[in-house]
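Quick note, in the numbering used here, the sequence shown goes up one by one and the last residue is 1728.
Backbone N, C-alpha and C define an ideal beta-carbon position, used for all residues, glycine too.
Input: a single structure, listed below in structure tokens.
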Amino acid sequence: MKRPTMMMVAAVATLGTAAAARAQAPETAPAPAPVPPTIPNNSDPVSPEEPVVPGTVPSMATPEALPPPAPMPVTPAPVATPYEVEGVPRGYPVWISKMGSAVMLGGGFEDFTQSAPKSQTNGGGSWDLRLAAGTRQFVGLEAAYVGAARSVNALGFNTNTTLVSNGVEGLFRLNVPVAAGPLLLEPFGFVGLGWQHYYLSKSVTTADVTRSDDVMSMPYGAGFMMAYGMFMLDARVQWRETYYNDMFRAEGSKLNTWGAGGNIGVEF
């Protein structure tokens, strides 16, 4: 009876000692084992869409694993052309892009070609005012007022008599426009129809000449025009065939003329 009692007392004392020691010692949780990082192998292509395993470092995507880039849109290269003007893309030929119109004022020299009027008059000055359309196209038109004056030096005429002509004409032009930067060079030819009124400034005393006459004319010739910006000028030589002549009644008395002159103006 005495022995079992002593054993129980010893067990209770042992348990109490263990409980007291546990109460005095701080409770610490065991540290987790470190997870070794996974070093990526860059030699193996990995898709960016591959899921990443928790606790690992994802490997870098290689160019071979990336999807090909979308093709860039191809823009056609602009066609290089000579030059530009206001309202026209740079380099676009002016003679294609615009019709071209001009107002011109000029003058020159004129003389008769047939014997009767040529023998009784001198060569004289001429003048004109012209409106042109299509100066930068292959085909153009002109409308003009034309005039001329020359002295008379024959018997039957009063002293200081002058033969004056005034008229209008329309011309059909064939142009060859050549653009070089802001410069335009243009050879041209023309033909047309017109009407002219001739009159003597003083009365005559001979029956072989009437004081005035109206004739139909057909002007034709060729010229050369040069334009720089709005400024332009031309030079031309022309002939006029006339019809329904009554001023000089002798044979070879048609009022046909030849002339040379130039014009200066503005183009728009």
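Endpoints, alpha helix (DSSP H) assigned at residue i
| i | result |
| --- | --- |
| residue 1580 | 1575-1580 |
Neighbour-count burial assignment, residue i, 16 or more Cβ in a 10 Å radius
| i | result |
| --- | --- |
| residue 1605 | exposed |
| residue 1639 | buried |
| residue 1594 | buried |
| residue 1579 | exposed |
| residue 1636 | exposed |
| residue 1643 | exposed |
| residue 1555 | For residue 1555, the predicted structure reports a pLDDT of 45, less than 50, and the residue's modelled location is therefore unreliable. The matter cannot be settled from this model. |
| residue 1599 | exposed |
Range of the contiguous beta strand (DSSP E) that encloses residue i
| i | result |
| --- | --- |
| residue 1527 | That residue, residue 1527, is in no beta strand (DSSP E); it is neither H nor E in DSSP. |
| residue 1564 | 1561-1572 |
| residue 1726 | 1717-1727 |
Contacting residues, own chain, Cβ-Cβ under 6 Å from residue i (five flanking each side not counted)
| i | result |
| --- | --- |
| residue 1634 | 1649 |
| residue 1677 | 1654, 1656, 1700 and 1702 |
| residue 1575 | 1712 |
| residue 1573 | 1716 and 1718 |
| residue 1697 | 1681 and 1720 |
Same chain, Cβ closer than 7 Å to residue i, neighbours up to 5 away in sequence not counted
| i | result |
| --- | --- |
| residue 1577 | 1708, 1713 and 1715 |
| residue 1695 | 1683, 1684 and 1722 |
| residue 1710 | 1576 and 1668 |
| residue 1725 | 1562, 1563, 1564, 1565 and 1692 |
| residue 1732 | Nothing about residue 1732 can be read from this structure; the chain reaches only from 1461 to 1728. |
| residue 1645 | 1638 and 1686 |
Own chain, CB closer than 8 Å to residue i, minus 5 neighbours either side, in chain order
| i | result |
| --- | --- |
| residue 1731 | Nothing about residue 1731 can be reported from this structure: the residues present for the chain run from 1461 to 1728 only. |
| residue 1652 | 1602, 1629, 1630, 1631, 1632, 1678, 1679 and 1680 |
| residue 1613 | 1580, 1581 and 1582 |
Identify every run of the beta strand (DSSP E) within the segment 1660-1704, keeping only runs that are complete inside it and at least 3 residues long; order them along the chain. 1672-1688 and 1691-1703
Three CB pairs or more closer than 8 Å across the segment 1716-1726 and the segment 1563-1579: yes
Assess contact between the segment 1658-1668 and the segment 1613-1624, defined as three or more Cβ pairs (one per stretch) separated by less than 8 Å. Is contact present? yes
Hey, which unbroken runs of the beta strand (DSSP E) at 3 residues or more fall wholly within the segment 1586-1639? 1599-1611 and 1622-1635
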